[in-house]
Structure formats: structure tokens, C-alpha cells
Amino acid sequence: MALVFGRDAVLEQAWESLVQGDPVLLAGPAGIGKSAIWRELVDRARQEDWLVLTCAPAESESSLALAALADLLRPLARQVADLPGPQRAAAEAALLTANAGTAVDERALAAATRSLLDSAAASDRRVVVAVDDAPWLDPASERALRYALRRVPGPAILVSARSDATAGTPLELDRLPGRMRRIEVEPLGVGALHHVLRDRLDVTLSRPLLARITRDSGGNPLLAMELARAVLRLPRLPSPGEDLPFPATMTRVLADTVSALPSAGRDAIRLAALLSVANLRDLQAAGVDLSAFDEAEDARLLTLAGNAVHFTHPLYAAAVRADMPAGLRRRLHRRLADVVADPDERARQLALCVVAPDATVAAELAASAERQRHRGAPQIAAALYEQSARLTPSQSTGDQCRRRLAAARCHYDSGDYRAAAKAATLVAEARGGDRKAEALLLRAEVAWSADEPLSVAARTAERALAAAPDASPLAGRIHAYLSLFHDSPELARRHADDACKLLADTSPEDAELLSGSLLQLFFNEIRGGHAPRLELLNRALALEGERPSWLGGTIPAIWWRSVDEHDKARSRLNDMLDRATAFGDEPGQHELLTHLGETELVAGQYEAAARTIAAARDLGEQLGTGLVGETWLVGLLDAHRGDVERARKVAEAGLRRAEAVDDPWARRIHLALTAFTALSDGRAGDSAEAYRALAAEADATGLVEPLSQRFEPDWIEACAAVGDLETARRVLDRLAERHERLPRPWTTLGLARSRALLAAAQGEDASEAVARLEEMRASVSPHVLPLDRARCLLVAGVVHRRAKRRRAARVALDGAAAEFGAIGAMAFERRARAELARIGGRAPASAELSPTEERVAALAAQGQTNRAIADALFISPKTVEANLARVYQKLGISSRAELGGAMARRGGVNP
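The opening residue of the sequence shown carries number 246 in the working numbering; numbering runs sequentially from there.
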């Protein structure tokens, strides 16, 4: 291969790293030979029967949406049919095998790239993803590939880039698994350049002349070749000691090489250099005789292959463009614009041949921008819209404003929130009426998505509403967003109600917003203390079809979780998670995993909660979410499992952050965690104070029914523990109002538990309250609220103990400890056992095993390991150990060896 002389050590270093699975970056100045080394390594991978996925973008192709990604994924085209629908449509659009019916979501394209690479990595062949000249990747290809490479282990990765081409590491290679190996491609010495020049130019120079060329080129092979060509064009060779009679700059020397071509050859090569893809059809249509390329091809400046002209090095094309006078260049762009077949290439050529605003050119650029947006390349679309706006005549202010706003929207869709905010603000300042309202609404969306203070999004959207025509569909859309931006239930309810009225008879495009507005109205009416209007929920669900609204899609799951219909909540969230995964919507996946984790925690399924919260946290770290919700859930899970100290630290840190950024929601959830942790830790006074602050926060916001917060029973327990019975009674009234307004299993149990506890604390005969407590506990299925049901037993046991009913107390507390242990609520189990210890005396020998203890004991008696038992019963090995310890105590044995016989005597297993 050409230009690999003197590179044996580099090739071996790079190959060794690729075999080990470490990413390899070949770096060095232009012309140093990176691409030659890259090609040699790619050829070696093919010889070793690796699956090779490559792309080698050029500077002229950096504005061609998805051109590089299409090249790289083309060997995997057969796997596209197996992708989920949204990913399949995105991949087909990228590969140009089908037209997307709707605009491609860039996230779906990234997910499709990941899925295809996952499929390739799962095959029996080694896979290498190789990108030459990575800085010239078009933005859409770069984003999709970067996303996929960070998430797909297995493929070897080979990338080349100019050392000075980019500030960061291309494709974020330094953040990938493995240790990135950066190989700086060094200059060649005299001996290696002798072989290069003999191989490429078929010339042998004297040693002194070769040494001067090596010195003046800095050992750069490409520059050395062009200096040698220039020397050979001289009337005579320079004598020893004589300086070379030309400047040794890359651009100048390359331009001189092109200038030496015949006139027809120069014109042909100029036209080829000005095309994004120099296909032969366009060049012939522009009047080029293909024989005009013969001398340039003989000089190895370019090749004709695959119906296109390919420059042998990007610098040749760059030098041709740089050496063209501006007027000539514009005339050639016009000539190409008149004949090229691709409408996007025509728009590009037109834009480069005008120097003043032009309505026709601006319109073609806007149309091209819309096509790029449709293909899933919003970043390229944004640049085209901005160029279109600049070329729009000043008198066409409406078109100009619309195009600038479209550019802002594309910036937003690509995740460039800073550029989107700046562009939207400029439009808002320049215009009034609808455009001003639309721009301000987009600015509010940016504030919401970029985690700016909620007040910024709300204020900006209120300004948008003031600029919009009254009672218009636009006003309806703004009201819909405001229902999301306001934390106050009453303000959110009013905006949701207005949105529903204004969007009811509008276009189908607003159906998603209408569905979300109905959900927001349903949700905020309940939060404000109104009775639930289920007809709103049902109407919204019917309207959304298979596509939940982003505005309130999780509200049905939050509602079902709040009324303890956990299976319905899980089903909703899992369906939405599957959809988000298919679309590559990682922020959506993150939100849904967080809701799923909370659902499992409330349902007492701590192992499932731990897995889901860990997945949410892992994704949150990748997305840079700030980890507020996930960390709070980790702390809450820790508190339930008994790690009170870690939970306390989470609560303290969360409150500090909430105060610093003035986040009411974060303040409420961390106050609740602070209070619950203090109660679990025996600090009832601190707990009661934190619950008081939480209630004050909710009341100040007008939050009458905080659906996801169930704090009153614990607040009553804390008040009773410190003797503040007056407050306890007021809180009991508050809880009773919540129950009367919206009866739920947790309010049913919470009321019964609190009344029994308060009756005992007031010195009353609590027998009737305990009987009612037991009745209410029996009315709630064990699978709905296992923690709450166990806490009912704990309260019953405490009340019985205080009334000197020792046997009843022991039975209740034994049962409570067993049920706490079965779900892994170790803090509560310790409290139950502490209460048991206060009873004294011996436990009855005939103590019954709980259902979980029975199942664990039966499997252990059959010889199964703790891990096997844990897997079979979907509990943790620690829970197995805790259950076995209680079984040994109840059966009067001390080892697993005695368990078989003891269970056989009970009839639980054959010995």
C-alpha cells in the first residue's frame, strides 16, 4: 500500500490495541499519512475475516445529512427489517431505501444505529467500526454514531483525525469502555520518503536533494511528494546547497501542482472540487469531458471510480477551492446549480453563487432545510434555515421570521439549547403577534428542557400568552404548556381547562396536546382538592391512541399508583418504556424508570425497586440529569431497608440543593424523606417537625391532595411518640378528610392504624380501635400494600402490649416481624423485635410460620441453596437468611441439618 513505508511499528501498535478491544485514535497533521495507515488496518481486518464497518467523509460531505452513517451501516442493511418500527423507518431513511412517512426523530436514528451495532457485535465475527477523518462527519451521523458507540460493547474502534481539527476527542473515544490508545503519526525520515517518492512518482532523487525536501516538508509525505513534483517541473534541478525556489506551504504547493494541469483539466478539477459528491453525471451535464481528468488521474491527484471523482487526499480538493478567485468560483457554482440532479445540492450551489438576498434561493434553501429535518438531521436543517433567513429579502419579513423560528426549533430538536434560546429570543424581540408568541413559547420549552428554574419557563410562557391572539389555537397550545410549568394546582388547573376549551375543535396535530391537557386538568383538579373526574381520564386515554402525550403521559400511572392499583400503573409505565426505547428517547426512558422504581417501592417490592432505580440512576448519569429524583428514591429505599444513616445523608443533601435552586417539588420530597428517616431512627421530635414543614409547603402551594405523598399516618405516629396529642388529632382530621375525599387502601389502613395508636396514647380503651384495625387490614390484599399491612400488625402489637395483653401482643408482633422480614423492611423488623423483647417471657412453642417462612423452609429442607431459594421466590439472599433464622427459632432447631425432619413433622416436606 502507498504511504505505509516506515510505519511498521505504528501498524503493530494499533493492531494490538484493536485486537484487545481498546479504541484507537490515529492523530497527526494533514498529509502525514493517517489515512494510509487507517486503510492498511482496515484491509488487515478484512483479511482476518472481521466484519468491517467504515466511512471516510470528506470536507465537502460534512453538510450531507447522514452520508457517513449510511456508508457505515450499509453492510448491515439486511438487519434493518428486524428493527422496531420507529427505528426501522429511521434507518431506511438514512440508507435511502425508503421514504419516511413522517419526520424522522433523531433519537430513533441513534437507537437504530445502536440496535444494528448490537446485532453485529452479537455475531460470531469480530467487528471493527472505522472512521477516517472523523471531524468531517456530518452532525447527524456523528451524533448517532457517538450515541451508539458509548452503549455497545464489543466492536473494535479505529478513528483518524487531524491533530488540530478539533478541540475535543472525536466521537468522545476517551469516554468509551477500554483504554483509548492515541497514536501520534510522526514525520517520515529520508529513507522512508525515498521509498514513498519512488513508489508514487517513480523517481529517485539524489540523497542531498532528498534531504532538503525532507527538511522543507517536515517529513510530511504528501507535502514531500508535491515538493518533489515542483522540483521536477524546474528547468534544472537545484544544485547542492541551493535552497528550493518556492515556499514550502501545503496549500501553495498543492495549488501549483493543479496549475500545472492543462486548461480543460483545471476546469474539470475545479468543478469536481465544488461538488459535495462529484458524480460523473453532474460533471458531464456541466460540460466536462471525462478525458479532461486523465492527467490529474495520472498524477494521482484523483481517481474515477463508482460513477464519481474521488480526490486521493482531501487537501487536493481544499487547495483547488482555495486557489479559485471569488468571481470564478461564483460562476462555477451557478453553472453547477443549473445542472445538478439533487435538489439539496442545487440549493447549496445556488446559495454559494449569490452575494445579495434572493427570494428564489432563500426558498430553495428553506425547502432543503425541511427535507433535512424530515430525514432526522435537525442540526444541518438549522444551518440551512439560518442561511435561508439571511438571503430572504428584507421586505419579506414574514418569511424571514418564520425561517429563523424554524432554525430555532431545529436547534432545540438537536439538543443545542443555548443556540435555540438565543435564536428564539432574537425572533421574539424583533416581532409581535403570533411569531412573538411562538418564539416565547419555544424559549419557555428550552427553559423547561434545560432545567432552568421552573419560574423562568412559567414567566416566559405567560409572556407568550399575552402576545397570542385571544381564544386562538395558539393560545390553547400555550395554556397547555403552562399547565405543566405551574406547580400551583389552581393555576395549572385553570390553564389546563382553557387549553381543553381552545384545542377541542382544532386540527388533528393538536390532539396530543389536547390529550395531555385533559390529563393535566384531571390531575390538578385532584391536587386542588376536587373529586376525581374519571371521565376526563378516560377521554384522554381514548384520544391518545397508541401514542401517550408527552404533556401528561405518566399521569394515569401516577393516579393508579396513588390509589394502589399498582398492576395498572406498572402496565402503563412498561408500555411507555417500550415505546421510548423503540424511539431511542433516553430522557423519556429515564423518567419512566424513575416512576417505575417509585411504583415498586410503594408496592413493597424492594428488590424490583432496587433494580429499576439503579437503571434510572445509571441512565441519569449518562444524561447528566442531576440525579435528584433517583437519589431521593435510593434514600427512601435505604430508609425502608434499614440503612437510616445513608438515607439521612441523602435527605440533607437533597434539601440543601432544593433550597439553593428554589425547587418546591424537590423540597417537598426531601422533607418527607427527612421526616420518615427521623421516625425510623427513633427521633420522633425531629420527624414531627419535618412533617409540619412539609404540610406547610403543600398548603402554601394550594396542594390539597398530594397524590404521591402519604405522610399523615407517620406524622400522627411521631406526634403521639412525643406526646403532642393535640397536633396528632388535627392531623388525624386532615387524614380523614383525604380519605373521605378519595378513599384508597392506604388511607383506609392509615386511618385505622392512626386511630388505634391515638386511642392508646390518650389512655383510652383501644380494644375497639384495634379490632377495627384488624378488620381493615384483612380487607386489603397482602399483595397490594405489604408494608402498610405489616405496620398495622406492629401498631396492634404495641397497643396490646401497653394494655398488658401479652399473648395477643406477641402474636401480632411476631407476625409483623415476619412480614417486615419477608419484604426486606429491616428497620421496621428491628422495631417489631424490639417491641417483642419488651414483652419478656418465652415465646409459645407452637408459633406458626408465615407463608413466606413456610415456602423458604420447604425449599431449604429440599437442599436448595439460599441463592436458588431467592431466585425461586423473587427475594434477596439476605431475606432468605432472615426468614431461615426465624424458622429455626420458631421450630426450636439450630441448623439446616435439622430442618428436613422438623418440616416433615409439620407435614411441610418429605424427609
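In this text, a Cβ means the ideal position worked out from N, Cα and C, and glycines have one as well.
- Taking only runs of the alpha helix (DSSP H) that begin and end inside the region 899 to 986, which ones reach a length of at least 4 residues, in chain order? 909 to 925, 929 to 946, 957 to 966 and 970 to 986
- Task: Give the range of the alpha helix (DSSP H) segment to which Phe730 is assigned.
- Result: Pro718 to Phe730
- Query: Quick one, are the C-beta atoms of Pro988 and Asp809 less than 8 Å apart?
  - Reply: no
- Less than 8 Å separating the beta-carbons of Ala1167 and Ile428? As displayed, the chain neither begins before 246 nor continues past 1156, which places residue 1167 out of reach and without an answer.
- Should Ala761 be labelled buried (16 or more other beta-carbon atoms within 10 Å of its own) or exposed? Looking at the sequence provided, one finds Gly at residue 761 rather than Ala. Buried, by the Cβ-count rule.
- Could you name each continuous beta strand (DSSP E) segment of 3 residues or more that falls completely within the region 264 to 302, going from the start of the chain to the end? 269 to 273 and 296 to 300
- Query: How is Phe556 classed by DSSP in three states: helix, strand or coil?
  - Reply: strand
- Message: Is any non-hydrogen atom of the ligand PLP found closer than 7 Å to the C-beta of Asp603, if you look at the structure I gave you?
- Response: In the structure shown, the ligand PLP is absent, as is every other ligand, since no ligand is present at all.
- Message: So, at 8 Å on beta carbons, what are the nonlocal neighbours of Glu836 in its own chain, with the 5 sequence-adjacent residues on each side left out?
- Response: Thr799
- Query: Where does Asp863 land, buried or exposed, given buried means 16+ other C-beta within 10 angstroms?
  - Reply: exposed
- Inspect the beta-carbon positions of Leu596 and Val606 and report whether they are closer than 8 Å. The sequence as given places Ala at residue 596; Leu does not occur at that position. Their beta carbons are under 8 Å apart, which means Ala596 touches Val606 by this criterion.
- Relative to the alpha-carbon of Gly251, which residue among Pro466, Arg370 and Leu298 has its alpha-carbon at the smallest distance? Pro466
- Message: My parser needs the beta strand (DSSP E) runs of 3 or more residues fully inside the region 652 to 722; what are they?
- Response: none
- Leaving out five residues on either side along the sequence, give the residues of the same chain with a beta carbon under 8 Å from the beta carbon of Ala247. Summary for Ala247: the model assigns pLDDT 48, below 50, so the residue's position carries little reliability, and this model does not support an answer.
- Message: On the CB-based measure, 16 or more other CB atoms within 10 Å of its CB, does Arg1051 come out buried or exposed?
- Response: exposed
- Message: Counting C-beta neighbours from all protein chains within 10 Å, is the total for Ser953 16 or more, i.e. buried, or is it exposed?
- Response: exposed
- Task: Look up Thr414 in the DSSP assignment and say whether it is helix, strand or coil.
- Result: coil
- Message: To the nearest angstrom, how far is the alpha carbon of Ser262 from that of Glu304?
- Response: 28 Å
- Query: Along the chain, where does the beta strand (DSSP E) that runs through Leu403 open and close?
  - Reply: Ala401 to Arg407
- Leaving aside the five residues before and after Arg1067 along the sequence, list all residues of the same chain whose C-beta is less than 6 Å from its C-beta, in chain order. Checking the sequence, you will find Ala at residue 1067 rather than Arg. Result list for Ala1067: Thr1097, in chain order.
- Identify whether Asn783 lies in helix, strand or coil by the three-state DSSP scheme. helix
- Query: Where does Arg1055 land, buried or exposed, given buried means 16+ other C-beta within 10 angstroms?
  - Reply: buried
- Task: Return helix, strand or coil for Ile858, following the three-state DSSP convention.
- Result: helix
- Quick one: Cα of Pro1193 to Cα of Ala513, how far? No answer is possible for residue 1193: the residues shown for the chain start at 246 and end at 1156.
- Close beta carbons around Pro1089, own chain, < 8 Å, minus the five adjacent residues each side: Caution applies to Pro1089, whose pLDDT of 46 falls short of 50 and renders its modelled position unreliable; the model cannot decide the point.
- Thinking C-alpha only, which one of Leu996, Thr876, Ala393 and Val448 is nearest Glu362? Correcting the residue identity first, residue 362 is Leu in this sequence and not Glu. Here the closest residue by C-alpha is Ala393.
- Message: Give me, in chain order, the residues of the same chain whose beta-carbon lies closer than 8 Å to that of Pro588; leave out the 5 immediate sequence neighbours on both sides.
- Response: Glu609, Ala612, Ser613 and Arg616
- Which one or two residues does DSSP pair with Glu852 in a beta bridge? Bridge partners of Glu852: none, in fact.
- Query: Could you check where the alpha helix (DSSP H) with Thr347 kicks off and where it finishes?
  - Reply: Neither: Thr347 is in no alpha helix (DSSP H) and is coded neither H nor E.
- Query: How is Glu1080 classed by DSSP in three states: helix, strand or coil?
  - Reply: helix
- Query: Between Ala353 and Gly678, what straight-line distance do the alpha-carbon atoms span, to the nearest angstrom?
  - Reply: 35 Å
- Query: Does the region 1023 to 1040 touch the region 975 to 985, meaning 3 or more C-beta pairs lie closer than 8 Å?
  - Reply: no
- Distance between Arg722 and Gly968 (C-alpha atoms, nearest Å): 52 Å
- Task: Could you tell me the boundaries of the beta strand (DSSP E) in which Glu429 lies?
- Result: Arg426 to Glu429
- Query: How big is the Cα-Cα spacing for Val249 and Asp350?
  - Reply: 42 Å
- Segment contact, 8 Å Cβ cut-off, at least three pairs: the region 624 to 633 with the region 642 to 657: yes
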